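*Asks:*
Numbering (UniProt numbering), first residue to last: 1 to 471.
1) Assign residue 493 to one of three DSSP states: helix, strand, or coil.
2) Is the stretch 306-318 in contact with the stretch 162-175, if contact means three or more CB pairs nearer than 8 Å?
3) Report the option in 179, 351, 326, 235 whose CA atom is closest to the CA atom of residue 265.
4) Alpha carbon to alpha carbon, how far is residue 347 from residue 353? Give it in angstroms, no decimals.
5) Can you name the residues that DSSP bridges to residue 174?
6) So for residue 43, helix, strand or coil by DSSP?
7) Quick check on residue 100: does DSSP put it in helix, strand or coil?
8) Pull up the distance between the alpha-carbon of residue 328 and that of residue 183, whole angstroms please.
9) Starting from the C-beta of residue 387, find all residues in its chain whose C-beta is less than 6 Å away, skip the five residues before and the five after it, and write them out in chain order.
10) Which same chain residues end up closer than 6 Å to residue 335 when comparing Cβ atoms and leaving out the 5 residues on each side of it in sequence?
11) Can you check the stretch 352-382 for any beta strand (DSSP E) of at least 3 residues that lies completely inside it and give the ranges in chain order?
12) Got a sec, what are the start and stop residues for the beta strand (DSSP E) residue 77 sits in?
13) Using 10 angstroms around the beta-carbon of residue 371, count the other beta-carbons present and answer buried if the total reaches 16, otherwise exposed.
14) Ordered along the chain, which non-local residues of its own chain (more than five positions away) have a Cβ less than 8 Å from that of residue 337?
15) Sort 365, 216, 154 by Cα distance to residue 284 and report the nearest one.
16) Only counting the same chain, and skipping five residues up and downstream in sequence, which positions put a Cβ closer than 6 Å to that of residue 277?
17) Is the CB-CB distance between residue 150 and residue 223 below 7 Å?
18) State the DSSP-derived secondary structure class of residue 156, mapped to helix, strand or coil.
19) Here's a check: name, in chain order, each residue in its chain whose Cβ is nearer than 7 Å to the Cβ of residue 413, leaving out the five neighbours to either side.
20) What do you get for residue 410, buried or exposed, if any count of 16 or more other CB atoms within 10 angstroms of its CB means buried?
21) Look at residue 331 and residue 272 and say whether their C-beta atoms are less than 7 Å apart.
22) If contact is defined by three or more beta carbon pairs under 8 Å, each pair taking one atom from either stretch, is the stretch 34-42 in contact with the stretch 83-100?
23) What are the boundary residues of the alpha helix (DSSP H) that residue 292 is part of?
24) Should residue 77 be labelled buried (16 or more other beta-carbon atoms within 10 Å of its own) or exposed?
25) Candidates 311, 268, 113, 420: which alpha carbon is nearest residue 81's?
26) Please report the Cβ distance between residue 143 and residue 129, rounded to the nearest whole angstrom; I am assuming they are in contact, meaning their Cβ atoms lie under 8 Å.
27) Would you list the one or two residues that DSSP bridges to residue 149?
28) Along the chain, where does the alpha helix (DSSP H) containing residue 112 start, and where does it finish?
29) So, for residue 294: in the same chain, excluding its five sequence neighbours on each side, which residues have a beta-carbon less than 7 Å away from its beta-carbon?
30) Where does residue 90 fall in DSSP's three states?
31) What span of residues does the alpha helix (DSSP H) with residue 118 cover, start to end?
Now the structure itself:
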């Protein structure tokens, strides 16, 4: 299998008509593809595909494509990433689907691979078949299914090392020649490796239609378990951070507001993974039904000849369904854990906020008490100042010494009052009384004003003082 560059597809598009009882609506398929052509196909005129065809020894060889007739076996169309288009042009896809007589319903699944800036791939389920009971000339059986898989994320800056992707398999088998034609779009690396191991390295491979579905289903859950283990570990780390979080600490602990976006992210990843697995389970169950239907259409000789093929397909599909169901149940458990962790983080944040609010309230009360004490001290100092201020002012203004102390020659202290002391007291006592009276009037007026202002504020309800009318 080789990757080649074809400069362009110069031939005009020629739709191959089908001889099925119901004519295929290829025009409708063309219109559907035209609607998303800008985001689905390359515009530079080049085609990069991996193509293989059967050799005379019924095994794959690395052969170049020299014409459109070489598109007779397997074609793999890749896509670099979700934001890029498929490695094929619009006209080349039309020619390819026409060469393989792809039924129109394939156009319903191709738009799922259109380039997008948001991770929308993996949101849809697709499965369709056409199985012809008669073996008319030109008739063919078709199988098309869309399956989700996990691949390592090539964006190394992304903290999530895994991403959900999808692959599309279209298989058509000519009813007369029983030759198989397949188109695989964006296959997983495990699927590619399985194709190489099952077909390219071996000869005498059976051309039964169940071979490729067996390889596809067998490689489907290659990385799903690793992805679920990664989600489990990340959720466990967040859960452990809550155990080491002290909600009464002054600084934020391990679980804080930055933990909530992480839990939301993993909650979304769990939902997407669960949806993708359920979509795979739905498609695989439809594949089982298709296997049973095709087995009934086989002739008695073919049924005995290919019984092992159907048994292998049914067995591997049932195993993958069972494994996927187990993963879905475990994802449900992880989702419940994430919900519990989210609630615990929110409760821890609320408890921390409540605790800090109570601490701040106590600190404010202490500051209030201290402020009241300081205000009372200042008030007492102001009162003392008012008492001594008139006396000091009069003594300074009149230059009254008040009391004269002298020492005689014999060492005796002679104390005598100034003659102006009577005048000093006569002026000081009334002035001090008037000052204190004015201060008292000011205080009374201030208290009455504060009382009137407080009475205008809404009063809290006091049920213990509510009036109860007698019965």
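Cβ coordinates follow ideal geometry from the N, Cα and C atoms, glycine included.
Remember, it's a predicted structure, so these values are computed and weren't measured experimentally.
*Replies:* So, from the data block:
1) Nothing in the structure corresponds to residue 493, since the chain is present only between 1 and 471.
2) Taking a contact to require three or more Cβ pairs closer than 8 Å, the stretch 306-318 and the stretch 162-175 do not qualify as touching.
3) 235
4) 10 Å
5) 140
6) coil
7) coil
8) Spanning the two alpha carbons is a distance of roughly 29 Å.
9) none
10) Same-chain partners within the cutoff: 270.
11) none
12) 74-77
13) Looking at its Cβ environment, which holds fewer than 16 other Cβ atoms inside 10 Å, residue 371 is exposed.
14) 235, 239
15) 216
16) For residue 277, where only same-chain residues beyond five positions count, the Cβ hits under 6 Å are 324, 327, 328.
17) yes
18) coil
19) 405, 407
20) exposed
21) no
22) With a cut-off of 8 Å, the stretch 34-42 and the stretch 83-100 count as touching, because enough Cβ pairs lie within range.
23) 259-297
24) Residue environment: residue 77 is assigned as buried (16 or more neighbouring CB atoms within 10 Å of its CB, all protein chains considered).
25) 113
26) 5 Å
27) 165
28) First-last for residue 112: undefined, no H or E at that position.
29) 131
30) helix
31) Careful: residue 118 lies outside any alpha helix (DSSP H) and carries neither H nor E.
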